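Chains as they are written, first to last, in the numbering used here: chain V, 5 to 280; chain E, 309 to 438.
Every residue gets a Cβ at the ideal spot worked out from N, C-alpha and C, and that includes glycine.
Please read all numbers here as calculations on a predicted model, not as lab measurements.
Inspection log for the structure reproduced underneath, given as structure tokens.
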Amino acid sequence: MSVVRRDHLLFLTELLAERAGQTLAPDRLFVIESRLSPLARREGFASVAALVEAIKGGAEPRLAQAAAEALVDPESSFFRDRAPFAQFRDLILPAMARARSGKPVRVWSAGCGTGQEAYSLAIAAEHAETRTPGMSVELTATDFAEAALEKARAGLYTHFEVQRGLPIRQLVEHFERADDLWRASPRLRTRLRWGRVNHAAELPEIGRFDVVFCRYMLKDFEPGRRIAALQSLARCITPGGVLIMGEGESPLDIGAAFRQPTGARGLFQRVAAEAA
Amino acid sequence: MSTCLIVDDSRVIRKVARRILEALDYDVAEAADGVEALAVCNATMPEAVLLDWYMPVMDGLEFLRRLRALPEGEAVTVVVCSSETEIERIGQALAAGADEYVMKPFDTDILHAKIQEAAHFRESRLREAA
């Protein structure tokens with residue numbers, strides 16, 4: 005295995021922080037070669053070093069984005085950790101629908117990767133709507149990575165991917181066969197609005213949401229960028245709305261924007277701006 | 309320790325599945341077809357069954373129907389494991405009483421998750437029936 009040059013390592017660290025907000029943890033350095041090799045080959049470079057030199061030269065800006073996307077952890081599964089999605093379907097959506105008195109409940113999957121979380125939310129929302137007459141849920145899903153968003157929009161997954169977290173009855177109900185792959189049903193796909201958002205930069209005008217799922221995306225962020233990203237997220241959540249994070253994640257260190265209801269794991273409620 | 313019965317006519321699949329299930333802390337029993345599997349269940353009912361579909365003597369779905377008809381058979385978690393990937397065929401396995409379905413080939417993570425999912429599904433079904 006070749007060793008990544010020190011100047012290339014520093015350059016890639018900076019690139020990843022700027023494009024995705026993330027740090028390259030020392031124990032993840034081994035992934036650089038393996039993640040960038042396919043990109044280097046596809047683009048006709050003799051080595052990862054040659055690819056990095058080309059990015060540094062700035063000749064093709066799209067290569068910088070593609071490299072940053074390749075370096076991000078691709079871990080994703082349907083209904084990851086299961087409990088947050090049951091809580092979303094059974095408790096959060098009914099409560100938000102009551103609070104919104106008939107208006108749509110707006111939900112955002114921030115850092116949706118290849119779309120598994122977003123489709124899980126769409127399935128959960130559909131079940132909740134079926135049980136609660138008059139409930140309406142609008143779903144938005146965003147990620148910084150174009151390639152991941154393209155896959156998410158297509159809603160196409162392999163046998164291995166659909167078997168990670170998706171119960172078989174939901175696979176049969178909400179997906180259809182597409183040659184050797186599985187495609188999310190048109191009904192699910194048309195529910196979702198997709199967009200590109202980089203949480204390491206100023207957020208675009210995206211509106212306000214009642215429920216935001218932002219799970220395991222900020223865990224690898226640089227500390228300063230993580231706080232800024234959480235503050236931006238807080239501004240996009242309606243008072244009384246909720247932020248759902250992953251195991252071991254919390255926004256409570258950014259100030260008084262959120263509070264954690266007793267016993268609610270991974271769930272944080274947006275405090276009204278004047279109280280924050 | 310929970311017991312899982314692996315029912316598959318392929319010795320290789322049984323070996324691979326045994327290794328995965330033992331790593332997940334299951335006490336593992338094996339059978340090569342539905343008739344052998346029924347004999348195991350009649351002697352000692354396992355908590356879970358990982359079940360191949362196509363086998364000689366008695367196939368997986370026939371075994372599954374007979375298992376569900378046994379006095380303690382309704383409580384057993386059953387994961388059908390097959391290379392069939394058509395929705396209609398998967399539906400047949402679910403209608404026969406499967407809790408979950410694994411498409412071959414599988415890996416440790418998938419099998420682990422599917423067995424947990426199946427146990428969760430079976431528990432909620434038994435709760436609803438009670």
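Going by DSSP in three states, residue i sits in which element: helix, strand or coil?
i: Glu370 (chain E); result: helix
i: Val76 (chain V); result: coil
i: Leu143 (chain V); result: strand
i: Ala182 (chain V); result: strand
i: Pro98 (chain V); result: helix
i: Tyr123 (chain V); result: helix
i: Asp224 (chain V); result: helix
i: Glu408 (chain E); result: strand
i: Val176 (chain V); result: helix
i: Arg191 (chain V); result: helix
i: Leu160 (chain V); result: strand
i: Val109 (chain V); result: strand
i: Ala280 (chain V); result: Its pLDDT being 47, under 50, Ala280 (chain V) is placed unreliably by the model, and the measurement read from it follows with that caveat. It is coil, neither helix nor strand.
i: Ala356 (chain E); result: strand
i: Gln167 (chain V); result: coil
i: Phe83 (chain V); result: coil
i: Arg66 (chain V); result: helix
i: Thr385 (chain E); result: strand
i: Ala53 (chain V); result: helix
i: Ala114 (chain V); result: strand
i: Thr136 (chain V); result: coil
i: Pro42 (chain V); result: helix
i: Ala438 (chain E); result: coil
i: Ala21 (chain V); result: helix
i: Glu61 (chain V); result: According to the sequence displayed, residue 61 (chain V) carries Gly and not Glu. Residue state, collapsed to three classes: helix.
i: Glu154 (chain V); result: helix
i: Glu344 (chain E); result: helix
i: Gly48 (chain V); result: coil
Quick check: residue i and residue j, are their CB atoms within less than 8 Å of each other?
i: Val365 (chain E); j: Cys389 (chain E); result: no
i: Glu251 (chain V); j: Gly270 (chain V); result: yes
i: Glu226 (chain V); j: Gly62 (chain V); result: no
i: Ala339 (chain E); j: Leu313 (chain E); result: yes
i: Ala182 (chain V); j: Leu160 (chain V); result: yes
i: Val384 (chain E); j: Ala406 (chain E); result: no
i: Val56 (chain V); j: Leu16 (chain V); result: yes
i: Leu170 (chain V); j: Phe82 (chain V); result: yes
i: Gly457 (chain E); j: Leu375 (chain E); result: Residue 457 (chain E) falls outside the range modelled here, since chain E spans only 309 to 438, and no answer is possible.
i: Met211 (chain V); j: Thr146 (chain V); result: With the sequence shown as reference, residue 211 (chain V) is identified as Gly, and Met is not the correct amino acid for it. No, the pair does not count as a contact, with Cβ atoms beyond the cut-off.
i: Val52 (chain V); j: Glu73 (chain V); result: no
i: Val336 (chain E); j: Glu344 (chain E); result: no
i: Ile59 (chain V); j: Val246 (chain V); result: no
i: Ala128 (chain V); j: Arg93 (chain V); result: yes
i: Val315 (chain E); j: Leu378 (chain E); result: no
i: Leu222 (chain V); j: Arg230 (chain V); result: yes
i: Glu180 (chain V); j: Arg187 (chain V); result: yes
i: Gly342 (chain E); j: Met309 (chain E); result: no
Among all the DSSP beta bridges, which residues are the ones paired with residue i?
i: Trp361 (chain E); result: BP columns for Trp361 (chain E) are empty, so no partner.
i: Phe272 (chain V); result: V:Leu247
i: Arg200 (chain V); result: V:Asp147
i: Ser390 (chain E); result: E:Met411
i: Gln91 (chain V); result: Gln91 (chain V) is not bridged to any residue.
i: Cys349 (chain E); result: In the DSSP output, where bridge partners are listed per residue, Cys349 (chain E) has none listed.
i: Tyr262 (chain V); result: In the sequence on display, residue 262 (chain V) carries Phe and not Tyr. DSSP lists V:Arg274 as partners of Phe262 (chain V).
i: Cys312 (chain E); result: E:Val336, E:Ala356
i: Ile241 (chain V); result: V:Phe213
i: Ala128 (chain V); result: For Ala128 (chain V), which the question treats as bridged, DSSP gives no partner whatsoever.
i: Gln26 (chain V); result: V:Phe225
Grab me the residues of residue i's own chain with a C-beta within less than 6 Å of its C-beta, minus the 5 sequence neighbours each way, in chain order.
i: Ala401 (chain E); result: Val388, Tyr409
i: Ser80 (chain V); result: Gly117, Thr118, Gln120
i: Ser140 (chain V); result: Pro108
i: Thr393 (chain E); result: Met411
i: Ala122 (chain V); result: Ser113, Cys116, Ala145, Leu196
i: Phe148 (chain V); result: Ala24, Asn202
Check the C-beta distance from residue i over to residue j and give it rounded, since I have them as a contact under 8 Å.
i: Gln273 (chain V); j: Lys422 (chain E); result: Not a contact, Cβ separation roughly 34 Å.
i: Leu207 (chain V); j: Val201 (chain V); result: 6 Å
i: Thr242 (chain V); j: Phe213 (chain V); result: 7 Å
i: Val216 (chain V); j: Ile248 (chain V); result: 7 Å
i: Thr144 (chain V); j: Arg84 (chain V); result: Wrong, their Cβ atoms sit about 19 Å apart, outside the cutoff.
i: Ala103 (chain V); j: Gly244 (chain V); result: 6 Å
i: Ala204 (chain V); j: Arg23 (chain V); result: 7 Å
i: Arg173 (chain V); j: Glu142 (chain V); result: About 25 Å separates the two Cβ atoms, so there is no contact after all.
i: Asp224 (chain V); j: Ala87 (chain V); result: That pair is no contact at about 23 Å.
i: Thr136 (chain V); j: Ala101 (chain V); result: 6 Å
With a threshold of 7 Å, establish whether the CB of residue i neighbours any heavy atom of the ligand GTP.
i: Phe92 (chain V); result: In terms of ligand content, the structure shown is empty, and the ligand GTP therefore cannot be addressed.
Starting from the C-beta of residue i, find all residues in its chain whose C-beta is less than 8 Å away, skip the five residues before and the five after it, and write them out in chain order.
i: Thr311 (chain E); result: Tyr334, Asp335, Val336, Ala337, Thr352, Pro354, Glu355, Ala356
Among the residues of its own chain, which have a CB less than 7 Å from the CB of residue i, if the five just before and after it don't count?
i: Leu185 (chain V); result: Leu160, Tyr161, Thr162
i: Gly106 (chain V); result: Gly138
If the cut-off is 9 Å on Cβ atoms, which residues from the segment 346 to 370 of chain E count as contacting chain C, listed in chain order? This model lacks chain C altogether, as its protein chains are V and E.
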